[in-house]
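Numbering-wise (this note's numbering), the sequence shown opens with residue 548 and increments by one.
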Amino acid sequence: MKNENFYINKQEPNKGCLLTLRAIILKQDEHVTETTKYGMPCFCYKNKMFCYLWMDKKTEEPYILFVEGQYLNTPELEIGSRKRMKIYRINSNKDLEINRIEFLLNIALDLYRTGKIKT
Numbered sequence: 548m549k550n551e552n553f554y555i556n557k558q559e560p561n562k563g564c565l566l567t568l569r570a571i572i573l574k575q576d577e578h579v580t581e582t583t584k585y586g587m588p589c590f591c592y593k594n595k596m597f598c599y600l601w602m603d604k605k606t607e608e609p610y611i612l613f614v615e616g617q618y619l620n621t622p623e624l625e626i627g628s629r630k631r632m633k634i635y636r637i638n639s640n641k642d643l644e645i646n647r648i649e650f651l652l653n654i655a656l657d658l659y660r661t662g663k664i665k666t
């Protein structure tokens with residue numbers, strides 16, 4: 548498994564949450580692959596970065612960072628001080644909202660599938 552140390556070194560419930568998010572991301576499309584960029588698990592669509600898994604340094608909450616978040620207009624995504632990327636925070640102490648996560652991943656992937664973001 549790529550990024551094994553990233554996942555293995557986390558404490559529960561974040562470890563299980565991040566591993567589940569990894570599995571959800573990878574099953575969304577046969578063209579999604581995992582690599583490491585900047586020390587983070589990075590997920591690519593046809594070798595083009597589309598999202599990362601990371602943890603907030605202050606709250607230690609996991610989140611999904613969408614590389615082309617500027618094109619995603621859903622209220623639960625936070626832009627913060629970023630110009631391009633947006634994040635979706637995950638509370639690892641609650642059940643994952645799998646349908647919502649899959650929806651967000653697929654609207655992000657559709658940017659690449661439709662050619663809005665060139666691959």
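C-beta atoms are modelled at their ideal positions from N, C-alpha and C, and glycine is treated no differently.
CA-CA distance, residue i and residue j?
i                 : j              : result
isoleucine 555    : isoleucine 571 : 18 angstroms
leucine 568       : lysine 605     : 20 angstroms
phenylalanine 650 : valine 579     : 15 angstroms
lysine 557        : isoleucine 648 : 21 angstroms
tyrosine 635      : glutamate 551  : 22 angstroms
Determine whether the beta carbon atoms of residue i and residue j lie at a separation below 9 angstroms.
i             : j             : result
serine 639    : glycine 563   : yes
glutamate 607 : leucine 658   : no
proline 588   : glutamate 581 : yes
With 16 other CB atoms within 10 Å as the buried threshold, where does residue i fall?
i                 : result
phenylalanine 590 : buried
leucine 573       : exposed
Would you mind giving the Cβ-Cβ distance between residue i and residue j, rounded to the nearest angstrom? I have them listed as a contact below 8 angstroms.
i             : j            : result
leucine 619   : proline 609  : The pair is not a contact, with the Cβ atoms about 18 angstroms apart (cut-off 8 angstroms).
threonine 666 : tyrosine 585 : Actually they are not in contact, since the Cβ atoms of threonine 666 and tyrosine 585 sit about 21 angstroms apart, beyond 8 angstroms.
Counting only runs of 3+ residues fully inside the region 629-657, write out the beta strand (DSSP E) ranges in chain order.
Qualifying beta strand (DSSP E) stretches, in chain order: 633-636.
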